[in-house]
Amino acid sequence: MSAPGVEIDRVSFGYGSTKILDDVSLRVEKGEFFAFLGPSGSGKTTLLRLVAGFGVPNAGAVRVNGRDVTDVPPWKRNVGMVFQSYALWPHMTVAKNVAFGLERRNVSKAEIGKRVAAALDLVGLGAYGERRPAQLSGGQQQRVAVARTLVIEPDVLLLDEPLSNLDAKLRVEMRQEIRELQRKLGLTTIYVTHDQEEANAIADRIAVLDGGRIQQLGAPMDLYDRPANRFVAAFLGTANLIEGDLAADGSFRADGFALAGLAVSKPGKACVSFRPHDVTLSAEGRNLTGTIQHREFLGGNIRYVVTVGPHRVTVDTVHRRDFRVYEVGASVGLSIDAGQASVLY
Amino acid sequence: MSLPAPRRVGLLARWETTPFHLICAGTVAAFLVAFLIVPVATVVFVAFWDGQSLTLVHFADFFRTSLMIEATWNSIYVALMAVVVATIIAVPLAYFTVRFRFKGAALIQTLGVIPLVMPPFVGAVAMQLVYGRNGSVNLLLMDWFGFRLPFMEGLNGVIFVQGLHYFPFILLNLSAALANIDSAMEESAQNLGASGWTLFSKIVFPLAMPGYIAGAALVFAKVFDDLATPLLLNVNNMLAPQAYLRITSVGLADPMGYVISTILVVLSVVAVWLSLLSLKNRDFATTQRGGGGLSKRELRLWEKIGAYAFIAVALILALSPHFGILMLSLATVWSFSVIPDAFTFAHYITVFRDAGGMMANTVLYCGIAALIDVVLGTMIAYLVLRTKLPFRQLIDQIAMAAVAVPGLVLGIGILRVYFDVKLPFSGESLATFWVMLAIAYAVRRLPYALRSCTAALQQLHRSLEEAAECLGGDKSVVMRKIVVPLMAGGILAGFVTSFATAAVELASTLLLVTRDASAPLSYGIYVYMQSAAGRGPGAALGVIAVVVVAIATWAAYRVAENDRARRAREGVAA
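Each protein sequence line maps, in turn, to chains A and B. The opening residue of the first sequence carries number 1 in this note's numbering; numbering runs sequentially from there. The opening residue of the second sequence carries number 346 in this note's numbering; numbering runs sequentially from there.
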């Protein structure tokens, strides 16, 4: 079996007593599109920067294509990074920007010209070589940044929140473009984002980070369907988390809340997690009732917050013309699809 | 599961430093040690050294000598009174600009720059002809009202000339402080029931005070240290002239010069430190995002008349050294008369014939000094902002401390340390070798260039360098291809500022120049001004120097502005 594209092996990093990364390990396979997902301060950007060579871990090793690069400076790693701010050099033309990496590699002038043109064509900016970065739109600058990185044929492509400076519509377009480009070139890619939708949409696999540790690692759908802990459940989409006791027969009880039919691996103190759309509301409840506390109309959905005893349950119902709408203050019955719920310990 | 053993992280990696950075740090440190720390430390050391051991005997001598006591009091008195004069001019001007909406504000801005382009010593002699006992103003006063005003008598002359020159320091700092006071602060005080005097004394005054102190402390330090102005006005019973006279007449071994120098350095350092401290507080006071300045109102008619009258008087006073030197440079004879007897270009012809070498020397020395400054300034800025090298802040602080070292003291220190070092071949003393003058200028002006370079690098997003590193550029390539080109505006502004201010530096020049052939323009002005016959050519040289400084200052300002505009345009990219 060939070595993984990137291997992070028990890496810790921090300054003095502050720990930013705490014993992190993961493997990114060759050609895989991998995402680091987490809130700000989770250590995701720091981890990406360690792969690029900005900083040396206090412990552990970073390997690229099987080669230990832990002590190799950034300029000898052949790891391409696209920065959040694009980091285009304003004093150089677009073509000069793209040529920079090739010039460092002593590629011949003719060859540089050819490869720069090819890279700019690849991102659809073939005609923009002589422009200055300041003369381009945000989306175009983003493409130049990508072209500048791809032209050196890096072993790994790193993308640090590359879409956060674009507007919502362009963001969706660009992420599809990036994904298609990556698939075409078969590039090992790591993408850092705090946006779970973006990570879900683009990545083959995701590492969810929080507090400098990997909380869960897996394919987007697995993470959503089977969160390993409360953090992952809440961070990927919206989740209702209710703490209580789980009996051996699969029934769960909390103060004023009950749910039966759960899969049990270990009875005792537990937390049940279920998504807002796994709840159905009805005018009359059989075993679980609550009061509508708050209502938001979101277009295709209506989001209710229902109080059930001391708990607040978020419920999404599909909205169509003439569907029933509950008023704030109304009493409703809730039925939760236990087959979709997860039990967290 | 136990954690893997910690890695041994090399020192360089931990400091985010490469050998290239170490070479830079070594160069900077060697320069500062050799030409700033050792000379100044030597001066202080000699003041406490009797040849065998540390001693206070020189200080005891100093305080037993009545001339020295008198000189000390005179220096303190002059510096304080110069602050008073500067305050009287600057405070109303600052208040007008921030408080009222009127066209005079632009005039006041101009007023804030005019004095700075001409060092006080250049205009000093001309000021005597305008305001002296038999100068234009007193001749008119005598004619019309039958009395004279002693503007230029003895210490008054120094106070008057210095106060007029340095009031912009207070004006600029105070205006900045006032402009930083948010109108919301004022309005919330009004909203809570404060108005008039309460509002001023409880809100405006305390918020503006740090800016005033910062300016006033600088004025005090500058005047206290200044050698050139008292010397040109022939006022010798002050500390700086005494030190100079001691060293040049009694000799390098005379301890009194070192005692005075030590006092000058200590007071200067304290004053500059005080100034920086109050600026720090000012930043603290305005951490809330302000809406920019106090609420402005229109002036009533009589207020407008009053304000313009004040501005007119200030403008006339501020321009009088410039006007005086221009008249003097064009005058055939100007003595005991309101205006010169007749006008001529002869003095300009004289200086272009005789003093071409001095101009060339100035360009050479100041060019080298400014080059050294921007190279060192860029290195220091880079080490401070981009590495975690230990002691990097200390390097920065030492370089900045040069601002508090009087030229006189640096000159004496360099003479003392390097006088006995002989150059190979010529056998000339290293201290009086012309390159040493360029180095002394470089040390003195380094803080200006350093601030400019630091500001430029601060505005450079770090990812611009990291992107280049990722693509294969090592630290020196990144420095050459990315950092320096993008800092170019700031570096150029620093170069021009260093060049222009070094061109009119006199104190260290007087100590280090021994031959006319290697003398720069500033020395020429001084020497010409010594004789009545030389005043005309001296003034002509002065005018040339002022024009050069004015153009350079304007150029530096333009470069900085263009750079800022370009940055704003390219904000998206950077």
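A virtual CB, placed ideally from N, CA and C, is assigned to each residue, including glycine.
Non-local C-beta neighbours of Ala714(B) in its own chain, meaning closer than 7 Å and more than five positions away in sequence, comprise Ala783, Tyr786, Ala787, Arg790, Ser843 and Ala847, ordered along the chain. Taking the C-beta atoms as reference points, Leu576(B) is found nearer than 8 Å to Tyr589(B). A Cβ-Cβ distance of about 6 Å is found for the pair Tyr191(A) and Ala203(A), placing them in contact under the 8 Å criterion. Close partners of Leu809(B) in chain A (Cβ separation under 7 Å): Ala87 and Trp89. Taking 8 Å as the threshold, the shortest C-beta distance from Phe54(A) to chain B falls below it. Counted as a single uninterrupted DSSP element, the alpha helix (DSSP H) harbouring Asp222(A) occupies residues Pro220 to Asp225.
Annotated three-state conformation of Thr363(B) is coil, per DSSP. A residue is called buried once 16 or more other Cβ atoms fall within 10 Å of its Cβ, and Tyr86(A) is buried on that count. For secondary structure counted as the alpha helix (DSSP H) over 4 or more consecutive residues, the region 743-791 of chain B holds these complete runs in sequence order: 752-763. Within the region 138-195 of chain A, the complete beta strand (DSSP E) runs of at least 3 residues fall at 156-160 and 188-193.
Contact of Pro162(A) with chain B is not assigned, every C-beta pair being separated by 8 Å or more. Looking at Leu401(B), Tyr868(B) and Ala559(B), the one whose alpha-carbon comes closest to that of Thr432(B) is Ala559(B). Exclusion of the five residues before and after Ala95(A) leaves Val116, Gly129 and Glu130 as the residues of its chain whose Cβ lies within less than 7 Å of its Cβ.
Counting only Cβ-Cβ distances below 8 Å, Met81(A) has contacts in chain B at Glu811, Ala812 and Cys815, in chain order. Among the CB atoms of chain A, one or more fall inside 8 Å of the CB of Pro351(B).
Any Cβ of chain B closer than 8 Å to the Cβ of Arg213(A) would place that residue at the interface, and such an atom is absent.
If you compare the alpha carbons of Arg27(A), Gly101(A), Ser42(A) and Ser273(A) with that of His194(A), the shortest gap goes to Ser42(A). Contact annotation: Ile759(B) and Ala801(B) have beta-carbon atoms that are not nearer than 8 Å. Below the 7 Å Cβ cutoff, chain A contributes no neighbours of Leu805(B), its closest Cβ being approximately 10 Å away. In the structure shown, Ile526(B) falls within a coil segment according to DSSP collapsed to helix, strand and coil.
The shortest C-alpha to C-alpha distance from Phe668(B) to any of Ala561(B), Phe681(B), Asp395(B) and Ala885(B) is the one to Ala885(B).
Around the beta carbon of Arg320(A), fewer than 16 other beta carbons lie within 10 angstroms, which makes this residue exposed. The beta-carbon separation of Thr307(A) and Pro276(A), rounded to 15 Å, does not stay under the 8 Å limit for a contact. For the region 48-108 of chain A, the continuous beta strand (DSSP E) assignments of 3+ residues that do not extend past its boundaries occur at 59-64 and 79-82, in sequence order. In this structure the region 504-512 of chain B touches the region 419-438 of chain B; the number of beta carbon pairs closer than 8 Å is three or more. Chain A has no Cβ within less than 8 Å of the Cβ of Val904(B). Using a Cβ-Cβ distance cut-off of 8 Å, the region 220-235 of chain A and the region 62-69 of chain A are not in contact, since fewer than three pairs of beta carbons, one from each stretch, lie closer than that value. About 18 Å separates the beta carbon of Leu344(A) from that of Ala260(A), a gap too long to meet the 8 Å contact definition.
For Gly101(A), the C-beta contacts it makes with chain B under 7 Å involve Leu816 and Gly817, in order along the chain. Taking 8 Å as the CB threshold, Ala199(A) stays off the interface with chain B.
Shown in chain order are the members of the region 151-185 of chain A whose Cβ falls below 7 Å from a Cβ of chain B: Ile152.
From the beta-carbon of Arg105(A), the residues of chain B found nearer than 8 Å are Gly817. The Cβ atoms of Thr417(B) and Leu584(B) sit closer than 8 Å to each other.
Bounds of the beta strand (DSSP E) holding Glu243(A) are Asn240 to Leu246. The beta carbon of Ala59(A) falls within 8 Å of a beta carbon belonging to chain B, placing the residue at that interface. Within 10 angstroms of the beta-carbon of Lys733(B) lie fewer than 16 other beta-carbons, which makes it exposed.
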